[in-house]
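Engineer: This is the structure I have questions about; it appears just below.
Chains as they are written, first to last, in the numbering used here: chain D, 450 to 593; chain A, 261 to 441.
The structure is reproduced here in structure tokens:
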């Protein structure tokens, strides 16, 4: 009887873990994409628009810095060196910053400089904003 | 009676004489169509079945180009049909298939067109045109390109390579990155 209960519990845990929602893909639109395997950098230029979950990130240059951990490719950071607009579609919130950096380890994007935040029709300025984007760090086979 | 016989002979002769003219017209339209697809040239003089080129680059990477049919053209190049090309990159191989192509042995460049598919390290490539400079390992495409693997897909209006380590996509570029969870 105890064995049956244990089997039932373990099968429930297994089914629950497999039913975890999958992270949606990151979709990036741009005019130019350069993959540099030697430097482990992916550069997007032109009209860049990155879509991930509720967020749209709009800029003219974006650099994805990767590093290789054995066979795996891991996301180190995403740099937005020029003016970047981060729109949270769900919260109707927009952040415009002169530059931003996403840390692959923490999953947080940090914006610095003269930042304009627009929320619910209100506009205010600040010098530092952190947003949790939660892009997974594991990016296997991104580089050939 | 003999007049009737002569009349019948004349009618048959004129009808037979007309036929080559019709065939010539059909041929010229076919030639024009093929020329656009780099499969047949006006000055093609030699037809070769199962043409194979196999050699090595200066980096000692081997390559081979096999065509079901090839026509040697005036400039010394070959217009080819049903091409299978393999290019060694270190220990790995890039395999490219195309319906049509042109290979210039002197310049060592291969221009592929019409339903191009490629495979390399789990990536698949689809393109409408592709130019490969084999000696310098430069790859170029000025038409829409689609590259896909299990984790990433890229579509663009064109692509090119810079050396062995840089891959550039241009035009309307769309990248899709899937995650393991």
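Idealized CB from N, CA, C, for every residue including glycine.
Pick out whichever of 323/A, 374/A and 310/A has its Cα sitting closest to the Cα of residue 397/A.
Structural biologist: Comparing Cα positions, the closest option is 323/A.
Engineer: Counting only Cβ pairs nearer than 7 Å, list the residues of chain A close to residue 541/D.
Structural biologist: The contacting residues do not exist; residue 541/D stays about 26 Å from chain A at best.
Engineer: Classify residue 563/D as buried or exposed, calling it buried when 16 or more other Cβ atoms lie within 10 Å of its own Cβ.
Structural biologist: When all chains shown are included, residue 563/D counts as exposed.
Engineer: Can you give me the C-alpha to C-alpha distance between residue 349/A and residue 321/A, rounded to a whole angstrom?
Structural biologist: Looking at the two C-alpha atoms, the distance is approximately 6 Å.
Engineer: Between which two residues does the beta strand (DSSP E) harbouring residue 405/A extend?
Structural biologist: Unbroken beta strand (DSSP E) run through residue 405/A: 405 to 408.
Engineer: Please list, in chain order, all residues of the same chain as residue 385/A whose beta carbon is under 6 Å from its beta carbon, the five residues on each side excluded.
Structural biologist: Around residue 385/A: 378 and 407.
Engineer: Might you give, ordered along the chain, the residues of its own chain that have their beta carbon closer than 6 Å to the beta carbon of residue 376/A, omitting 5 neighbours on each side?
Structural biologist: 358, 387 and 390, listed in sequence order.
Engineer: Can a CB atom of chain A be found closer than 8 Å to the CB of residue 479/D?
Structural biologist: Yes, its Cβ sits closer than 8 Å to a Cβ of chain A.
Engineer: Taking the C-alpha atoms as reference points, what is the distance between residue 286/A and residue 370/A?
Structural biologist: For residue 286/A, the pLDDT reaches just 33, beneath the cut-off of 50, and the residue's location in the model is therefore unreliable, although a value from the coordinates is still provided. The alpha-carbon atoms of residue 286/A and residue 370/A are separated by roughly 30 Å.
Engineer: Is residue 474/D near residue 346/A, with beta carbons less than 8 Å apart?
Structural biologist: Contact flag unset, no.
Engineer: Tell me the residue span of the beta strand (DSSP E) that contains residue 342/A.
Structural biologist: 338 to 349 is the extent of the beta strand (DSSP E) around residue 342/A.
Engineer: Under 8 Å Cβ to Cβ from residue 428/A, same chain only, skipping five residues before and after it: list those, please.
Structural biologist: Correct list, in chain order: 419, 420, 421 and 422.
Engineer: Run down chain A in chain order and give the residues with a C-beta less than 9 Å from the C-beta of residue 483/D.
Structural biologist: Those within 9 Å of residue 483/D in chain A are 422, 426, 427, 428 and 429.
Engineer: Should residue 284/A be labelled buried (16 or more other beta-carbon atoms within 10 Å of its own) or exposed?
Structural biologist: Only weak support is given to the placement of residue 284/A: the predicted model assigns it a pLDDT of 32, under 50, and the question is left unresolved by the model.
Engineer: Distance cutoff 8 Å, beta carbons only. Does residue 442/A sit that close to anything in chain D?
Structural biologist: An answer regarding residue 442/A cannot be provided, because it is not within the stretch 261 to 441 covered by chain A.
Engineer: Could you list which residues in chain D have their beta carbon closer than 9 Å to that of residue 433/A, in chain order?
Structural biologist: By Cβ distance, chain D contributes 477, 478, 479, 480, 481, 482, 493 and 495.
Engineer: Buried or exposed for residue 401/A, please, with buried defined as at least 16 other CB atoms from any protein chain shown within 10 angstroms of its CB.
Structural biologist: It counts as buried.
Engineer: Starting from residue 317/A, follow the beta strand (DSSP E) in both directions and report where the run begins and ends.
Structural biologist: Run containing residue 317/A: none; DSSP gives neither H nor E here.
Engineer: Can you check whether the C-beta of residue 436/A is within less than 8 Å of a C-beta belonging to chain D?
Structural biologist: Interface residue, yes.
Engineer: When you compare each of 410/A, 417/A and 364/A to residue 312/A by their alpha carbons, which one comes out closest?
Structural biologist: The candidate whose alpha carbon is nearest that of residue 312/A is 364/A.
Engineer: Do you know offhand how far residue 393/A's Cα is from residue 368/A's?
Structural biologist: Roughly 6 Å between the two C-alpha positions.
Engineer: Curious, which full-length beta strand (DSSP E) runs of at least 3 residues does the stretch 527 to 561 of chain D contain?
Structural biologist: List check, beta strand (DSSP E) in window: 533 to 537, 542 to 546 and 548 to 552.
Engineer: Alpha carbon to alpha carbon, what distance is there between residue 409/A and residue 536/D?
Structural biologist: Roughly 29 Å separates the two Cα atoms.
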